[in-house]
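Asks:
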Amino acid sequence: MERPDSSFEARVGTRFEVQPSAAIAAPPDSPDETSDRRRADREYDMLFGKKQSLVGLDIGSHTIKAVELEGDSSKNHRLVRWGISAPLAEAIVDGEIMDRQLVTDAISNLLESRSIKSRNVVAAVSGRAVIVKKITMNKLSAEDAQQAVYWEAEQHVPYDINDVSLDFEILGPSPNDPKQMQVLLVAAKKDMVMSFSDLMREAGLQPVIVDVDSFAAQNALQANYDFGPEEVVAILNVGSEITNINIIQGEVPYFTKDLQVGGNSFIEAAQRKFNLSQSEAAAAVRGESGGGLEMASVIEQVCESIATALERAQVYLRTANEAGALSRIMLCGGASLTPGVADFLNRRFGVPADIANPLSRIGYDPSLFAGQDVMKVAPFLTVGIGLALRRVGDKR
Ligand SMILES: Nc1ncnc2c1ncn2[C@@H]1O[C@H](COP(=O)(O)OP(=O)(O)OP(=O)(O)O)[C@@H](O)[C@H]1O
Ligand SMILES: [Mg+2]
415 MERPDSSFEA RVGTRFEVQP SAAIAAPPDS PDETSDRRRA DREYDMLFGK KQSLVGLDIG
475 SHTIKAVELE GDSSKNHRLV RWGISAPLAE AIVDGEIMDR QLVTDAISNL LESRSIKSRN
535 VVAAVSGRAV IVKKITMNKL SAEDAQQAVY WEAEQHVPYD INDVSLDFEI LGPSPNDPKQ
595 MQVLLVAAKK DMVMSFSDLM REAGLQPVIV DVDSFAAQNA LQANYDFGPE EVVAILNVGS
655 EITNINIIQG EVPYFTKDLQ VGGNSFIEAA QRKFNLSQSE AAAAVRGESG GGLEMASVIE
715 QVCESIATAL ERAQVYLRTA NEAGALSRIM LCGGASLTPG VADFLNRRFG VPADIANPLS
775 RIGYDPSLFA GQDVMKVAPF LTVGIGLALR RVGDKR
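In my numbering, each number is its position in the sequence shown, counted from 1, plus 414.
So, in structure tokens, the structure goes:
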């Protein structure tokens, strides 16, 4: 097998602080690049040291969200612009972009309509395209671990190792064997990241960092809340098609999983139960049907699958002796606004379950939300904010 090569440096933009950068930087193409492989490797070259204004771009299956923040690495961030596109209508299905033109047009229109001028974007691939796995291996220094993780990854990643880019974070000694350490491995298929970066370029943008949805949500919440080192927080990003689960403790993601559950599941369940059209059902899910419909059981039934996944995660973390019992649940994503979801989880787990405010410590001019309830908009922007908070080289 080849030695770890430059592709190893080609890391998925995770939120990790410990290990070398998470940035996948994409410099402009040069004409002498012939092979896809070389081009893919170039995708991951890094652009350290450049100060740039970065736009967080969250390409969801329902809408695209753009966030522009002002501020540097200090904590004083300010929201200067934000926008949410019109619904994309089937342009992205099961995480696959079915209609590139529609998506690139939607991105361009969104940035233009919100006067977002910066072309440097931080975007996130969905967890579907990414493998996040915790592995146990012999204790090594961070430097030696780099090569060893590469070899280990071969056993854990179901793709040719040359076709993926890897990132890792040493979590600490294994609780079961002090001679071993736990390592969080993140792998993404290069062709997927490349195709995603191409999409940005087709929209006239420069992809600077590629991150992962659930880590971006974590990044946003950590910037706005002080979680105690012992607190075990389940972050649930409830989108349209997907709910990203990310259980963290002390800023470390201990468990991540993407469930095929989201706003669409609520809407479809309501359609089936009450024989409604899609838009009638969507209104009912938002609590706008004027009463009359017994929505609670519909909502709870869908929430049940989220609760089951959370329960399984807890059992797994307990048996593996990794993280303690859940301390709180933080919700984000558009469908987290569905009446009854937070209450259901609160009752089910006996811990606080709240819709997070990713703008609680980020300043903004209230006129940016003229006529809108910030708490009804902010949940949609969580991933975008987490992305906009990223800086090239910030994980060094
Ligand atoms: N007020 C509301 N109450 C409940 N659900 C809502 C409300 N407004 C929008 N939704 C639902 O939120 C979902 C969109 O949320 P979000 O923008 O987070 O998803 P997305 O990022 O586009 O999708 P995904 O992450 O699954 O690809 C849709 O299913 C929509 O029906
Ligand atoms: Mg989303």
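Note that beta-carbon positions come from the ideal geometry of N, C-alpha and C, so glycine has one too.
If we count the other Cβ atoms within 10 Å of its Cβ and call it buried at 16 or more, is G761 buried or exposed?
Replies: Reading off the sequence, residue 761 comes out as Arg, not Gly. Exposed, because fewer than 16 other Cβ atoms sit within 10 Å of the Cβ of R761.
Asks: Does W496 pass the burial test, meaning 16 or more other C-beta atoms within 10 Å, or should it be called exposed?
Replies: Under this definition W496 is a buried residue.
Asks: Mind checking who F669 pairs with in its DSSP beta bridge?
Replies: Looking at the DSSP assignment, F669 forms a beta bridge with I661.
Asks: Classify G586 as helix, strand or coil using the three-state DSSP reduction.
Replies: Three-state DSSP puts G586 in a strand.
Asks: Tell me where the alpha helix (DSSP H) around V712 begins and ends.
Replies: Start and end: M709 to T733.
Asks: Cβ of I584 within 9 Å of Cβ of A556?
Replies: Cβ distance < 9 Å, so I584 and A556 count as in contact.
Asks: Given the structure, does G738 come close to ligand 2, in the sense that its CB is under 8 Å from one of the ligand's heavy atoms?
Replies: The answer is no for G738.
Asks: Which value, in whole angstroms, describes the spacing of the CA atoms of V597 and V652?
Replies: If you take the alpha carbons of V597 and V652, they lie about 27 Å apart.
Asks: Report the rounded CA-to-CA distance for L502 versus A683, giving the unit in angstroms.
Replies: Cα-Cα distance, rounded: 21 Å.
Asks: Quick check on R804: does DSSP put it in helix, strand or coil?
Replies: Looking at R804 - three-state DSSP - the assignment turns out to be coil, as it is neither helix nor strand.
Asks: Per DSSP, D640 is paired with what?
Replies: BP columns for D640 are empty, so no partner.
Asks: Please find out if some non-hydrogen atom of ligand 1 comes closer than 8 Å to the beta-carbon of K548.
Replies: Incorrect: K548 has no Cβ contact closer than 8 Å to ligand 1.
Asks: Pull up the distance between the alpha-carbon of L745 and that of Q715, whole angstroms please.
Replies: Taking the straight line from one Cα to the other gives about 18 Å.
Asks: So, S579 versus A602, is the Cβ gap smaller than 9 Å?
Replies: For S579 and A602, yes; Cβs fall inside 9 Å.
Asks: How long is the line joining the alpha carbons of L471 and I659, rounded to whole angstroms?
Replies: Roughly 20 Å between the two C-alpha positions.
Asks: Assign V679 to one of two classes, buried (16 or more other C-beta atoms within 10 Å of its C-beta) or exposed (fewer than that).
Replies: Here residue 679 turns out to be Ser, not Val, going by the sequence shown. Buried: at least 16 other Cβ atoms inside 10 Å.
Asks: Looking at F783: is its Cβ nearer than 9 Å to the Cβ of A721?
Replies: Contact: no.
Asks: Please classify D558: is it buried, with 16 or more other beta-carbons within 10 angstroms of its beta-carbon, or exposed?
Replies: Counting Cβ neighbours within 10 Å, D558 comes out exposed, since fewer than 16 surround it.
Asks: Which residues mark the beginning and the end of the beta strand (DSSP E) in which M744 is found?
Replies: That run of the beta strand (DSSP E) goes R742 to C746.
Asks: Here's the rule I'm using: 16 or more other beta-carbon atoms within 10 Å means buried, otherwise exposed. How should G706 be labelled?
Replies: So G706 ends up on the exposed side.
Asks: Whole angstroms is fine: what's the gap from T752's alpha carbon to Q561's?
Replies: About 46 Å.
Asks: Only counting the same chain, and skipping five residues up and downstream in sequence, which positions put a Cβ closer than 7 Å to that of F641?
Replies: Same-chain partners within the cutoff: V647.
Asks: Going straight from the alpha carbon of V822 to that of V494, what length do you get?
Replies: Outside the displayed span of the chain (415 to 810) sits residue 822, for which this structure offers no information.
Asks: Count the other CB atoms, across all protein chains shown, that sit within 10 Å of the CB of G748; report buried if there are 16 or more and exposed otherwise.
Replies: Result: buried.
Asks: Hey, is A696 close to ligand 1, as in C-beta under 8 Å from one of its heavy atoms?
Replies: A696 Cβ: within cutoff of ligand 1.
Asks: Shorter than 8 Å, the distance from the beta carbon of I681 to the closest heavy atom of ligand 2, or not?
Replies: No, the beta carbon of I681 sits no closer than 8 Å to any heavy atom of ligand 2.
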